[in-house]
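*Asks:*
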Amino acid sequence: MSKLLIVESPSKAKTLKKYLGSDFEVLASYGHVRDLIPKNGAVDPENDYAMKYEVIDRNSKHVDAIAKAVRASDAIYLATDPDREGEAISWHIAEILKDKKLIKDKLIKRVVFHEITKTAVQNAIASPRDISMPLVNAQQARRALDYLVGFNLSPLLWKKIRRGLSAGRVQSPALRLIVERELEIEAFKSQEYWTIHLESKKHQHLFDARLVQLDGSKVEQFTVTNETQQAEIVGKLLLASAGKTTVSRVEKKQKNRSPAAPFTTSTLQQEAVRKLGFTTSRAMRIAQQLYEGIDVGNGTVGLITYMRTDSFSMAAEAVMQIRDYIKRNFEPDYLPKSPIMYKTKAKNAQEAHEAIRPTDITRTPQSLKNYLTPEQFRLYEMIWKRALACQMAPAKFDAVSVDLAVGSDANLFRATGQTMIFPGFIAVYMEGQDDAEEEAEAKLPHLETGEVLDVNKIFGDQHFTEPPPRYSEASLVKVLEEYGIGRPSTYASIISTLQDREYVLLDKKRFTPTDVGRVVNKFLTEHFTRYVDYGFTANLENELDDIAEGEREWVPVLDDFWQGFNKQLLEKANIDRAEITQEDIGEACPKCGKPLHSRLGRFGKFIGCSGYPECDYIRNTGSNAAASSEPVVMGHDAASDKDILLLNGPYGPYLQLGLPEEGSKKKPKRVSIPKEIPLANVDLEVAMKLIALPRDLGQHPETGKKIVANIGRFGPYVNHDGKFKSIPRSDSVFDIDLPRAVELLAQAKSGPAPLKDLGKHPTEDGNIEVYAGRYGPYVQHGKLRATLPSSEAPEELTMEEALALLAAKAAKEAPAKKPAAKKKTTAAKKPAAKPAAKKTTATKKPATRAKKTAVTES
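To convert a position in the sequence shown, counted from 1, into the numbering used here, add 5.
1) In angstroms with no decimal places, state the Cα-to-Cα distance between cysteine 395 and glutamine 371.
2) For arginine 134, I'd like the list of residues in its chain whose CB is within less than 7 Å of its CB, leaving aside the five on either flank, ordered along the chain.
3) Does DSSP put arginine 700 in a helix, in a strand, or in coil?
4) Taking Cβ to Cβ, would you say valine 525 is nearer than 9 Å to alanine 172?
5) Roughly how many angstroms lie between the CA atoms of asparagine 261 and lysine 401, to the nearest whole one?
6) Does the beta-carbon distance from isoleucine 361 to leucine 273 come in below 9 Å?
7) Could you pull the start and end residues of the beta strand (DSSP E) that tyrosine 58 belongs to?
8) If we ignore side chains and look at the alpha-carbon of each, how far apart do threonine 378 and asparagine 128 end up?
9) Exposed or buried, which one is phenylalanine 541 when buried takes at least 16 other CB atoms within 10 Å?
10) Given this structure, state the Cα-to-Cα distance separating threonine 534 from glycine 169, to the nearest angstrom.
11) With DSSP collapsed to three states, give me the class of serine 645.
12) Any idea which residues DSSP pairs glutamine 423 with across the strands?
13) Measuring only the C-alpha atoms, how far is alanine 357 from leucine 158?
14) To the nearest angstrom, report how far apart leucine 21 and leucine 32 are at their CA atoms.
15) For glutamate 197, which residues does DSSP report across the bridge?
16) Given alanine 125, which residues of its chain have a CB within under 6 Å of its CB, disregarding the five upstream and five downstream residues?
17) Assuming alanine 392 and proline 428 make a contact with CB atoms under 8 Å, what is their CB distance in whole Å?
18) From this set, Asp28, Glu120 and Asn375, which residue's C-alpha is nearest aspartate 86's C-alpha?
19) Taking the continuous alpha helix (DSSP H) assigned at proline 379, which residues delimit it?
20) So is proline 344 buried or exposed if we call it buried at 16+ other beta carbons inside 10 Å?
21) Over the uninterrupted alpha helix (DSSP H) stretch that includes lysine 23, give me the two end residues.
22) To the nearest angstrom, report how far apart proline 665 and leucine 808 are at their CA atoms.
23) Could you please give the first and the last residue of the uninterrupted beta strand (DSSP E) stretch that includes isoleucine 716?
24) What separation, rounded to the nearest whole angstrom, lies between the Cα atoms of valine 411 and glutamine 467?
25) Can you give me the C-alpha to C-alpha distance between alanine 630 and proline 658, rounded to a whole angstrom?
26) Which residues does DSSP list as the beta-bridge partners of isoleucine 463?
27) For glycine 240, is the classification buried or exposed, using 16 other Cβ atoms within 10 angstroms of its Cβ as the cut-off for buried?
28) What's the gap between the Cα of asparagine 231 and the Cα of glutamate 197?
29) Could you tell me whether the region 94-112 touches the region 504-519, where touching means 3 or more Cβ pairs closer than 8 Å?
30) In whole angstroms, give me the CA-to-CA distance for proline 15 and glycine 298.
31) Go through its chain and collect everything with a Cβ distance to phenylalanine 212's Cβ below 6 Å, but skip five positions before and after it.
32) What residue range does the alpha helix (DSSP H) around lysine 67 cover?
33) For phenylalanine 892, which of Leu458, Tyr496, Glu588 and Phe418 has the nearest alpha-carbon?
34) Give the straight-line distance between the Cα atoms of alanine 815 and leucine 789, rounded to the nearest whole angstrom.
35) Rank Phe430, Pro618 and Ala320 by C-alpha distance to the C-alpha of proline 341 and give the top, closest one.
36) Could you tell me which residues DSSP puts in a beta bridge with lysine 257?
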């Protein structure tokens, strides 16, 4: 009996082929095989939201290969990924085969496995099921909703703000979070406050206590708000103490700290950002590689379970294997008496049945180090440690709280401390910080109630309240999950889209909204308030969950959304563009006296006269201050004893160290400000980091020669012995260390290192790789190169997208080569003659970019 197994990824297909018998053929769909037609009418609200699909061009040859294999097979197993999207891909494949009338009288079943191991795959084949239509319909509803938003709201943004913009059902609330945080920061007014401290000691052991009660009243954050007030209190307490303090209370208790749950998609992304410095998309890309399979010397095997999951649960077999590993490798106290169970918080953890864990805990990170790239090793090590730690005993601490009375019990200072007495799980893994770090521990001397101690000093400490921090990738992912916006599997693409659209910038690993992002958010929150509301977006996710569970029908959910959304679109069609892109700043024009407006232009916001075009007065906003020809003093550089100046040149803003010395031909040191750093964020700290470039990172461990990090014409790079390697966007020229630089340079030994290796070409020799070129990123196979569209992030490019770009480039080049060869042949037949003047013929330059269409979210 001939059997066909269909998966999504070609690399997964190779791994599975080794697990299945010779009667199995394994083919890849290369991701999605069908999608909505890319034009209006793809979803028809007048016809029960009928969806018009077509085979994706770039995957048509893979669909043909599947169809050909189906003809020769008796049984077809659809083994796409174990989530809603994977379920929908299986359904699309089945529908295509049904339309081609290829599956009549043939067995066609869905199989699901959450880890790529021989046992899991064979068990899945032995327990097939039918395609789950509730899961398919939930995915269809999501795709339809994203289409209805994207194809109807994005064109409105083009008309009212700027062409090429997009709005998404989940992307827009995420943008709102970032903009609202920035507005909070701008509106924040810092407040002064003071804390009062007492320093004492016992047997030369100094410790600090903080005032918590004054004259019988509790001391709050703003009880003491200025220096005069604190001086009065300190003086009063010093007088009352007479140099002594009495221990009025000692409380001792033991505290336990339990391990964190095993990873879900969301927590994996957060920890990868915090601990490893990865981006969310980088973390998911590497996790995909670990899931699909790595050759570990004795064959290819999936090292982790499926990485798109909301669930904290682990298979009983995995838990017992982990407990057995702890029993064999740790003291008895490290193993709890019974397994630790973790309850999933998500209402419907539909993405997979298990948390992210190693497929085999005995495959330690060290045992696999030689088979993994440095990135793969670091991520696998973190997943392995987290899974191991989650089944270990809690850490135990002795916590002490002491009250010290000054003068009387009406004035109390409090000191707290704790000491770890048993590390438990912390011996393996600590959430949110490096393993080498321990919790900060303030150790107190042994104290007894009634003891009298000397007062070393009583003093005040000044503080100022700080604004809330900007979102990092980790904190944004966390808040998206808390609000229930989108699904963890989509967070990386949401963040990438916001950056690709230039709605936000990631600076110092924190998000700041751009001028365009602010205007788009203002438009959406004022005119489409309901559809960027956090509660509304989260409730819609719950409705999609209900569809997946079979508790709701998908068409009524779509209809309920569309009726209100379409009404809003019609109402807002005639909004004046000036209402969206302009804002009165409350100033009169110095030229004509009419009101000045903040306006959005091609290069960001600027101030312009409302009397335009009659009055042409304009000026830059504060963020574009460097447009002035006058130098701005950013601060003083102590090393050179010169001022750091901000100036504007013909190629943009730059920093300069001091002014040219009179009579000297030597020019002052200058550093251009990279485009990725917003001018508004260039403060003294940033200026000093830039002016200090290049950074000496140390000596290469093999050659002993110096490695430096710097910013050049084409962006940040590391340089060693005349060889240069670009620093990827996921790293910073200011933070990159020697080991990471050595790793990057090692990738560049055989020429420019690819940004991404997509793997072997499915039908030809050689790998397909993505490179950073002088004029932008491109994909290459052999000598064929194809430029990536500006909307496509090189890190996110898939094999199927790369094949489509290469095929399009090859098709463009093919006609141009044939006439040239023909001309050469004809010329060879002609008799020798005097050289004729070369005739040049103008040729029409081929279009380099397709007409943009509205972007929707998947």
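Quick reminder that beta carbons are idealized off the backbone N, C-alpha and C, glycines included.
*Replies:* A quick look at the data gives this:
1) On the sequence shown, position 390 is the one that residue 395 refers to. On the sequence shown, position 366 is the one that residue 371 refers to. Going by the C-alpha atoms only, they are around 20 Å apart.
2) The residue given as residue 134 occupies position 129 in the sequence shown. Taken in chain order, the residues that qualify are Lys114 and Arg115.
3) Along the sequence shown, one-based indexing puts residue 700 at 695. Look at arginine 700 here: in three-state DSSP terms it is strand.
4) Locating residue 525 in the sequence shown gives position 520, where the first residue counts as 1. Locating residue 172 in the sequence shown gives position 167, where the first residue counts as 1. Contact flag set, yes.
5) Translated into the one-based positions of the sequence shown, residue 261 becomes position 256. Translated into the one-based positions of the sequence shown, residue 401 becomes position 396. About 5 Å.
6) Here residue 361 refers to the residue found at position 356 of the sequence shown. Here residue 273 refers to the residue found at position 268 of the sequence shown. The Cβ-Cβ distance between isoleucine 361 and leucine 273 falls below 9 Å.
7) Looking up residue 58 in the sequence shown gives position 53. Taken as a continuous stretch (DSSP letters only), the beta strand (DSSP E) holding tyrosine 58 covers 58-60.
8) In the sequence shown, counting from the first residue as 1, residue 378 sits at position 373. In the sequence shown, counting from the first residue as 1, residue 128 sits at position 123. Distance between the alpha carbons of threonine 378 and asparagine 128: 30 Å.
9) The sequence position of residue 541 within the sequence shown is 536, counting from 1. Its Cβ having fewer than 16 others within 10 Å, phenylalanine 541 is exposed.
10) Your numbering for residue 534 matches position 529 in the sequence shown. Your numbering for residue 169 matches position 164 in the sequence shown. Taking the straight line joining both Cα atoms gives about 22 Å.
11) Counting from 1 along the sequence shown, the entry for residue 645 is found at position 640. Coil, per DSSP.
12) The residue you call residue 423 lines up with position 418 of the sequence shown. Glutamine 423 is bridged to Ala404.
13) Locating residue 357 in the sequence shown gives position 352, where the first residue counts as 1. Locating residue 158 in the sequence shown gives position 153, where the first residue counts as 1. At alanine 357, the pLDDT of 49 sits below 50, so the modelled position is not reliable; the number obtained from the coordinates is stated separately. Roughly 33 Å between the two C-alpha positions.
14) As a working note, residue 21 is residue 16 in the sequence shown. As a working note, residue 32 is residue 27 in the sequence shown. Taking the straight line joining both Cα atoms gives about 10 Å.
15) The residue given as residue 197 occupies position 192 in the sequence shown. DSSP output for glutamate 197 lists Phe469 as bridge partner(s).
16) Counted from its first residue, the sequence shown places residue 125 at position 120. Cβ neighbours of alanine 125 beyond the five flanking positions: Phe118.
17) Taking the sequence shown and counting its residues from 1, one reaches residue 392 at position 387. Taking the sequence shown and counting its residues from 1, one reaches residue 428 at position 423. In fact, because the Cβ distance is near 18 Å, the residues do not count as touching under 8 Å.
18) Counting from 1 along the sequence shown, the entry for residue 86 is found at position 81. That would be Glu120, whose Cα lies nearest to the Cα of aspartate 86.
19) Your numbering for residue 379 matches position 374 in the sequence shown. Run containing proline 379: 379-394, per the alpha helix (DSSP H) assignment.
20) Looking up residue 344 in the sequence shown gives position 339. So proline 344 counts as exposed.
21) Taking the sequence shown and counting its residues from 1, one reaches residue 23 at position 18. 15-24 is the span of the alpha helix (DSSP H), which, as asked, contains lysine 23.
22) For the purposes of this step, residue 665 is taken as the residue at position 660 of the sequence shown. For the purposes of this step, residue 808 is taken as the residue at position 803 of the sequence shown. Going by the C-alpha atoms only, they are around 54 Å apart.
23) Indexing the sequence shown from 1 puts residue 716 at position 711. That run of the beta strand (DSSP E) goes 711-717.
24) The residue you call residue 411 lines up with position 406 of the sequence shown. The residue you call residue 467 lines up with position 462 of the sequence shown. Rounded to whole angstroms, the gap between the alpha carbons of valine 411 and glutamine 467 is 21 Å.
25) As a working note, residue 630 is residue 625 in the sequence shown. As a working note, residue 658 is residue 653 in the sequence shown. With a pLDDT of 44 at alanine 630, under the threshold of 50, the modelled position of this residue cannot be trusted, and the question is left open.
26) For this step, residue 463 is matched to residue 458 along the sequence shown. In DSSP, isoleucine 463 forms a bridge with Leu203.
27) Position 235 of the sequence shown, counted from the first residue, corresponds to residue 240. Its Cβ having fewer than 16 others within 10 Å, glycine 240 is exposed.
28) On the sequence shown, position 226 is the one that residue 231 refers to. On the sequence shown, position 192 is the one that residue 197 refers to. Asparagine 231 and glutamate 197: Cα-Cα distance of roughly 7 Å.
29) no
30) On the sequence shown, residue 15 is found 10 positions in, with the first residue counted as 1. On the sequence shown, residue 298 is found 293 positions in, with the first residue counted as 1. For proline 15 and glycine 298, the distance between alpha carbons rounds to 11 Å.
31) Mapped onto the sequence shown, residue 212 falls at position 207. Closer than 6 Å at the Cβ level, and outside the excluded window around phenylalanine 212, lie Ala420 and Leu449.
32) Here the question's residue 67 lines up with position 62 in the sequence shown. Looking at the sequence shown, residue 67 is not lysine but histidine. Counting along the chain, the alpha helix (DSSP H) containing histidine 67 begins and ends at 65-76.
33) Because the chain here runs from 6 to 863, residue 892 falls outside it and cannot be looked at.
34) If you number the sequence shown from 1, residue 815 lands on position 810. If you number the sequence shown from 1, residue 789 lands on position 784. Each residue's alpha carbon lies about 7 Å from the other.
35) In the sequence shown, residue 341 corresponds to position 336, counting from 1. Of Phe430, Pro618 and Ala320, the residue nearest in Cα terms is Phe430.
36) Taking the sequence shown and counting its residues from 1, the one referred to as residue 257 is at position 252. DSSP, once it has assigned bridges, lists Val405 as partnering lysine 257.
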